[in-house]
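In what follows, a structure is listed as structure tokens, so that the remarks can point back to it.
Following this line, the structure appears as structure tokens:
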């Protein structure tokens with residue numbers, strides 16, 4: 001069993017990979033949200049937002065990463081996986097987390113306008129058939145700064 005400091009180091013390492021995905025999204029003009037899914041200490045899926053480039057409301061980083069992970073594991077059950085995302089998941093993405101049975105969700109910045117792990121509502125507190133373990137605030141400042149810079153640039157245009 002990992003000790004607290006080992007979890008912090010591990011979570012920070014995987015969140016840094018999600019942050020790299022968020023940076024890639026920003027370069028493409030997408031809202032900088034990045035996501036990785038980990039299985040047995042290996043990253044099996046990397047994704048970032050693609051709503052603007054694909055003109056698809058479903059192209060959130062989490063949904064894209066879940067799709068990749070399901071294909072990689074040939075299973076819709078991701079119960080042995082952890083999802084790392086730079087922004088607190090929205091209702092759609094939390095629905096996918098619950099339905100795919102992800103074991104754990106780790107997020108960076110809170111989302112006061114759409115977050116469903118405590119900011120607006122905490123979907124893990126409702127009577128769904130699955131409740132992932134949740135940890136928020138990992139690399140929170142860096143994740144939040146990427147979003148603030150992106151929206152400042154957007155407003156300045």
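In my numbering, the protein residues as written are 1 to 157. The beta carbon of each residue, even a glycine, is placed where N, CA and C say it ideally should be. The model shown is predicted, which means the values in this text are computed figures rather than measured ones.
For residue i, count the other beta carbons within 10 Å of its own beta carbon; 16 or more makes it buried, fewer makes it exposed. Which is it?
| i | result |
| --- | --- |
| residue 48 | buried |
| residue 4 | exposed |
| residue 54 | exposed |
| residue 34 | buried |
| residue 65 | buried |
| residue 85 | buried |
By DSSP, does residue i sit in helix, in strand, or in coil?
| i | result |
| --- | --- |
| residue 82 | strand |
| residue 146 | helix |
| residue 88 | coil |
| residue 58 | coil |
| residue 97 | helix |
| residue 117 | strand |
| residue 110 | coil |
| residue 10 | helix |
| residue 135 | strand |
| residue 103 | coil |
Starting from residue i, trace the beta strand (DSSP E) in both directions and tell me its first and last residue.
| i | result |
| --- | --- |
| residue 35 | 34-39 |
Between which two residues does the alpha helix (DSSP H) holding residue i run?
| i | result |
| --- | --- |
| residue 47 | Not the alpha helix (DSSP H): residue 47 falls in the beta strand (DSSP E), residues 42-48. |
| residue 30 | Looking at the DSSP string, residue 30 is not in any alpha helix (DSSP H), and its letter there is neither H nor E. |
Assuming residue i contacts residue j under a Cβ cut-off of 8 Å, what Cβ separation, rounded to an integer in Å, is found between them?
| i | j | result |
| --- | --- | --- |
| residue 44 | residue 72 | 5 Å |
Does the count of Cβ pairs from the segment 140-156 and the segment 105-117 closer than 8 Å reach three? Remark: three or more beta-carbon pairs, one from each stretch, lie closer than 8 Å, so the segment 140-156 and the segment 105-117 are flagged as touching.
Check whether the segment 21-33 and the segment 94-104 are in contact - that is, three or more C-beta pairs closer than 8 Å. no
Contact the segment 113-130 vs the segment 81-89: 3+ CB pairs below 8 Å: yes
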